[in-house]
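Protein chains in written order, with my numbering: chain G, 35 to 44; chain Z, 196 to 410. Glycine is no exception: its CB is placed at the ideal position from the N, C-alpha and C atoms. Bear in mind the structure is a predicted one, so any value in this text is a computation, not a measurement. Everything on this sheet refers to the single structure shown next.
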């Protein structure tokens, strides 16, 4: 499963 | 980008503008915790390491540069500026950095998505951001009266957290996005820290009184 903690946020 | 995220970013930006307003126009940083400001500078420095390698959007890059630039300049003003630094309430701002930095770093070493330098530092920045407000809250409690700009500064920071959490819940249901439980925990802790402050903030607003936190 690909990790998904969003890094498109600030 | 949803409305909650955008509102969160804008209230975050507002908090910084309010703080800079106080520093630039009144030339005062009374009631502001240098400890918290230094922790935020560290948070942004460790989180945005990929700023020039990973492109997400112009908005993201610009906002990251603003957060980095303003956080470091605020620290500079509080430490070095000839007038501003005189108003710094050093005697009451005694919370030790390493009580927060060290546990956060150790936790990031153990609880992370991947054991790489960037991922560990990114996780560290999340944990540290969650607790970075604590020295500021301690300083507020020790201050007899909290001036409007300082109160509003913390209010906007808390609002930013609230909107981000709503944004996370929204994204959880509307996008194919999930977060690790450690990210949720850090986010919830960070938001919960403001609950007490909000209570007294609204109370003073309703009663038209100066904000004062019970010690």
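Inter-residue spacing [alpha-carbon to alpha-carbon] between residue i and residue j
i	j	result
residue 398 of chain Z	residue 341 of chain Z	13 Å
residue 369 of chain Z	residue 258 of chain Z	24 Å
residue 281 of chain Z	residue 214 of chain Z	16 Å
residue 237 of chain Z	residue 400 of chain Z	33 Å
residue 333 of chain Z	residue 354 of chain Z	19 Å
residue 196 of chain Z	residue 271 of chain Z	33 Å
residue 262 of chain Z	residue 346 of chain Z	20 Å
residue 43 of chain G	residue 255 of chain Z	8 Å
residue 229 of chain Z	residue 278 of chain Z	15 Å
residue 273 of chain Z	residue 371 of chain Z	43 Å
residue 200 of chain Z	residue 224 of chain Z	29 Å
residue 410 of chain Z	residue 325 of chain Z	22 Å
residue 250 of chain Z	residue 216 of chain Z	31 Å
residue 318 of chain Z	residue 241 of chain Z	9 Å
residue 220 of chain Z	residue 343 of chain Z	14 Å
residue 185 of chain Z	residue 316 of chain Z	Past the boundaries of the shown model lies residue 185 of chain Z; chain Z is included only from 196 to 410, so the question cannot be answered.
residue 222 of chain Z	residue 284 of chain Z	14 Å
residue 352 of chain Z	residue 303 of chain Z	23 Å
residue 267 of chain Z	residue 378 of chain Z	25 Å
residue 311 of chain Z	residue 405 of chain Z	48 Å
residue 300 of chain Z	residue 320 of chain Z	9 Å
residue 39 of chain G	residue 365 of chain Z	15 Å
residue 348 of chain Z	residue 206 of chain Z	10 Å
residue 385 of chain Z	residue 210 of chain Z	16 Å
Chain-ordered chain G contacts of residue i [CB-CB under 8 Å]
i	result
residue 262 of chain Z	44
residue 258 of chain Z	44
residue 200 of chain Z	43
residue 403 of chain Z	Chain G residues near residue 403 of chain Z: none, gap ~35 Å exceeds 8 Å.
residue 255 of chain Z	42 and 44
residue 251 of chain Z	41 and 42
Residue i, enclosing alpha helix (DSSP H) - first and last residue
i	result
residue 236 of chain Z	229 to 242
residue 204 of chain Z	198 to 220
residue 294 of chain Z	292 to 305
residue 275 of chain Z	253 to 275
residue 313 of chain Z	312 to 326
residue 397 of chain Z	390 to 401
residue 279 of chain Z	No alpha helix (DSSP H) contains residue 279 of chain Z, which DSSP labels as neither H nor E.
residue 378 of chain Z	376 to 387
Contacts of residue i in chain G (Cβ-Cβ under 7 Å)
i	result
residue 372 of chain Z	38 and 40
Partners in chain G for residue i, counting only beta-carbon separations shorter than 9 Å
i	result
residue 204 of chain Z	43 and 44
Those residues which DSSP pairs with residue i across a bridge
i	result
residue 341 of chain Z	Z:406
Q.
Please list, in chain order, the residues of the segment 377 to 396 of chain Z that have any C-beta partner in chain G closer than 7 Å.
A. 378
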